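In terms of the working numbering, the sequence shown opens at residue 409 and continues consecutively. Just so you know, even glycine gets a beta-carbon here, dropped at the ideal spot from N, CA and C. What you are looking at is a predicted structure, and each value in this text was computed from that prediction instead of being measured. Below is one structure; the comments refer to it alone.
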Amino acid sequence: MTQIAELKEVVDNADITVLVKCLESYNSLKFLADIDDLIIRKLFKRLFSSWNVTDELVASSVYYIFGNLLEMHPSHSVEYLPLIFHPNNITSLEKFYELNSDKFFECLVKIIQSLEFVAISLQEAQLSKSQKQVFETAASFIIKLHYKSMRSVTNNTCCFVYSSLKFLQNVVTLCSSYAKIFTADLLGIYQACMQCGVTGMNVWLIPKKIYPSQRSLYNSHDSKHYAKECITRNGRKLSKTKKMRNITKVVRHQESIQEQNLISDVNYLNCMASDGDSSDAEYGRKPNSEMHSVIVKIRVASMNLLAAVCRNLERHVVYGYYYMIFPNDSKDVNYNLIYLAKSDPSTHCRAAALQVGAQILAGSKIYFNQAECSVRRNCINFFPFSQSLGSMINVIYNTLFAILSTEASTFVLTQALKCLSVLVQATPFHKLETGIATGIVSHTRKLICHRDCNIQVAGLMVMEVLVSTSILTTEIVDIIGLPHTDSVPFISNNNQQVNMMSNELNEEGYEEFIETDESQNVYNKYNNNINTSESSWLLQHIIKNMDTDRQQSNVPASIYVKSINVLSALSCHFALLNTHLPTIVKVFQYALEDPLLDVQLNAARCLEKFSYEMSRYISNTSDFNCFKLTQTFWEILLPKLVVLISNSAQQNSAFKNYLCGSLANIGIVIYERLPYISKISLFSTLSGISNNSAENTIVRAAAIRALAVHVAFPSIRKNLVFVENTADMTLQFINDENLSVRVRAFWAMANVSDALVANFYVKERVSFDILTRLIEASKNACYDNDKVRCNAVRALGNFLSILTEDNFDNYVGRKMFNESIKKLAHCITSSSNAKVKWNAYYAVGNIFRNNTIFVVTEIYSDLEWQDSLYTTLCHTIVHHSNFKVRISAAIAIKYIKMRSYFQNYLNLIWSSLLAAVENSQDSVNLEEHEHVDNLQEQLCLAISHIIGISRPEDFPMLQKCLAEKAEIVSYVWLLVSNRMIPEKSVPLISCSIVLYERIKNLNQSTSDHLNAMVYVAKTLSLQEIFPCFNDVNTNFRFEHLPHQTSVIKN
């Protein structure tokens, strides 16, 4: 109490020098924590008023006491920290930094800790402009101190460096733009601090700013190029086909999802810094060496700072610093993450280096795809960048292999395997030298049998990623034991546009199966015939982990789950798995009934992918034994799935969602061979789930989607009652709040519409009541999310294309049609999504196929749909930036079969087609250049189509428009004719011939009509074929016309 009373009097009256001496005379300043808040505020004000005092000793004491006050009363930090880091006050701090005073460094540590306290309290809040400015000013001040001449390594300087690194990390996290501006400074500090205590020096290294390599200046162009390359093989674009299920998105983003899963498995939290105390044995130091403990924390904190900076930079920018983060050559002795991961004496530092390395390597595939390795020549004047990058990858692999061989810590081993899995995911094995995959397998194969569970899981993760590699090499295929088959030509299915099995079943192509009740006997028979010597060692290992009940075998749940994930990755190579189906079906039976939810979910997800790959493989093989095994697989598993889906006690919607997806993947080949009772059970279950209002809407939508998949099967779509029931059930979900549910509902509706179109020429018709409701639902969805709209417009076009003349008898039907066309036009003009517009024009093309619509339009004057649709169509053909949308619009025009259907819009459409030909090569976006040829072909075919259906009186208008662009149109016409294959170029080659024949057979026509027809024929003729019409002359001799068949033959 005496100290507090004395302090009250000194604070109010004494000089700052007396106040400082009074406080320093006390043995401890801890009593300040219990002082009244009013006195604390006065003390803060007195100290801060003397912040710029010139006396060095007094100033040092002021800073020291001020720092202690902030530590004991952090609530005042918000008020005084902005004042401390005012430009005028920072100058004083910089001045006294040169004194190298222990008190000053202790003061800095207290101030930085106060800043960190404020930063932590603001982690979840949005920084104000003033707060952001304070943090950035403080960070810049600390960076400046780091770049000054550093003193010897002492306890105080170590604490200062450690606290400053943690604060800079918080600033980078809170102010993402700061990392982008001061990247070079921050990385320089990281590189200097990561060597603290490792180099053996007793002084601090002065940081040097780190700048990116020139390669990063190329921005992200390489990533776009790689995205295109992912959908090509052998220089050819893979064909796009209709899919059994909506798996395009899953396939396209599978690698990115896998990458996210890898990142989630690696812990990047900053808890490493708090656990950074190294053991005495690691350093050979005396016990209780506090400074050495802080030095280890400094190295960990520097790596955490690097991770924070990289998280706030774009990938292509981080890529420019790889030369500093990773070793460039095996002889590179510079300190880098990989060097620390191998050589650092602290377990915590080695683990942190591997964690941060894994984080930075994640997402590097688009850049590592440029790497390659080749034998170096003895004399070389230029070392290509691709070779340098390949050398870097090899060095990282060799270092990780060394860690896996020598590391004793199980924690570091686990992190090394996780880092290896991320690197494997990014490596282009087909461009690098052989031996890397062999090294991966040889080191990992030992560790998946390790006594530690976490190491086994991490090892299986490496194998999962390796099996999922987008481009398999012969080395990978051989070392893992994958099958050498035509269906897997060393190219993984992950990176392909997956081919949809045929919707039409070739009933004569397969031998009929005899339905028996001896399914399990069949499995036992084939199970005994498996040649295990030809099986993959990896498959044998994971089956060993899963072929019995998990609770009986005592296999840890994490290993069981990861084994399921590896099986999911192996399903892409179904030729390896087809003979193991008897065992695999047992695996699914055990896993799906496992008491642990995580096991159930992973098993259901694996089954969904496994069933899809199985159906795809079955549709492309003629192996009778494979058919029989697959049929028996479903006959055994289907009853189990029916029970699990119908189980009301199972409340997890994701689990049932995956199971419904698995039922959707049975496929037409196996479905047609299932017993009748199995088919009834399948549809009863899916229909029951769809109509069960107590079930989760996501599960109900998944069941509807599965029914819609089966609706496309020929034997099912003939059952109009089933198709109508499925359509009626989809209407239950069109207004659901969940976007995912609405997407699935309209995808199912689009499939139903395809089935109705296929049945259009059958006498039995869908009821007009249901058709009206479907049209209204699709029409209203045109204002929904783009994911919904792309399916809604497809369904709407199909529904409108099956309208009959009777449907237009009443005003309601005609009004509904007018509104539907307006909604389609609105989708085309308002949506920014090219897929929506492409599907909209696909729908328009289907509408144009229905001649009834044009017939009733001429009858009923209130059908006013052509103006909005034709105008939008013409604008798209000429001006749209996406060439695929232009192509679909040009194709739609060709479905208008008669001249009368164009009415008064022929002039508009004709001039738009010519303008589109003229600007077809003026693509601003280089990505559209690959579609130029196809666009020009479709435009020329549409022009040929209009010429073919035009009347003689239309040709003066055609001539007038063509004359303005005759040169470019003629050039493109000749170019396309020479480029197209003969079967497709017939309309272009024969266009002039047919037109000349029409001229020849005209009896009554004016000279204007005749001149116009000759001009069009001459302009669009191939001059090499028609040399006799180089001059326009109406008095030509018809005997000079070459015969049509001979022209085509030439």
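Nearest-angstrom beta carbon gap, residue j and residue i [assumed within contact, 8 Å]
i	j	result
ALA709	LEU573	4 Å
GLN603	LEU595	The pair is not a contact, with the Cβ atoms about 13 Å apart (cut-off 8 Å).
ASN1188	PHE1154	11 Å between Cβ atoms; not a contact.
ALA1185	LEU1115	Wrong, their Cβ atoms sit about 17 Å apart, outside the cutoff.
GLU1132	ILE1178	6 Å
VAL542	PRO490	5 Å
VAL1377	VAL1325	5 Å
SER1070	SER1019	5 Å
Residue i, DSSP secondary structure in three states
i	result
ILE848	helix
ILE879	strand
MET1388	coil
ASN1315	helix
GLU1080	coil
TRP1155	helix
ILE1357	helix
LEU769	helix
ALA1200	helix
GLU841	coil
GLU1145	coil
ALA546	helix
HIS554	helix
VAL1422	helix
THR1029	coil
THR425	helix
MET800	helix
PRO1122	helix
Outcome for residue i when other beta-carbon atoms lying within 10 angstroms are tallied against a minimum of 16
i	result
GLN1039	buried
ASP1217	exposed
ASN578	buried
VAL896	Because the pLDDT at VAL896 is just 44, under 50, the model does not fix this residue reliably, and the point stays unresolved.
PHE1032	exposed
GLN668	Only weak support exists for where GLN668 lies, its pLDDT of 48 falling under 50; the coordinates are left without a value.
LYS453	exposed
ARG1081	buried
MET1421	buried
SER1023	buried
LYS1305	exposed
ARG707	buried
ASP737	exposed
ASN777	buried
LYS839	buried
HIS1337	exposed
Beta-carbon gap between residue i and residue j smaller than 9 Å
i	j	result
LYS952	VAL865	no
LYS1017	SER979	yes
LEU946	MET871	yes
ALA1111	SER1095	yes
LEU1343	SER1328	yes
CYS567	VAL426	no
TYR775	PRO620	no
ALA715	ILE801	no
ASN1167	ARG1202	no
PHE474	CYS430	no
TYR1025	ALA983	yes
THR807	PRO735	yes
TODO: Would you check if there are 3 or more beta carbon pairs closer than 8 Å linking the stretch 845-856 to the stretch 869-888?
DONE: Touching, yes.
Open item on the list: Pairs of beta-carbons, one from the stretch 1237-1248 and one from the stretch 1185-1200, closer than 8 Å: are there three or more?
Closed with: With contact defined as three or more Cβ pairs closer than 8 Å, the stretch 1237-1248 and the stretch 1185-1200 are in contact.
TODO: Determine, using beta-carbon pairs with one atom in the stretch 1218-1231 and one in the stretch 1280-1289, whether at least three such pairs fall under 8 Å.
DONE: No, the stretch 1218-1231 does not touch the stretch 1280-1289.
TODO: Kindly confirm or deny that the stretch 1103-1118 and the stretch 1059-1066 touch, where touching means at least three C-beta pairs closer than 8 Å.
DONE: The stretch 1103-1118 makes contact with the stretch 1059-1066: 3 or more CB pairs, one atom from each, lie closer than 8 Å.
Open item on the list: Would you call the stretch 743-759 in contact with the stretch 829-842, where contact means no fewer than 3 C-beta pairs closer than 8 Å?
Closed with: Remark: fewer than three beta-carbon pairs, one from each stretch, lie closer than 8 Å, so the stretch 743-759 and the stretch 829-842 are not flagged as touching.
TODO: Determine contact between the stretch 792-805 and the stretch 849-856, defined as no fewer than three beta-carbon pairs at a distance below 8 Å.
DONE: They do not touch, by the three-pair rule.
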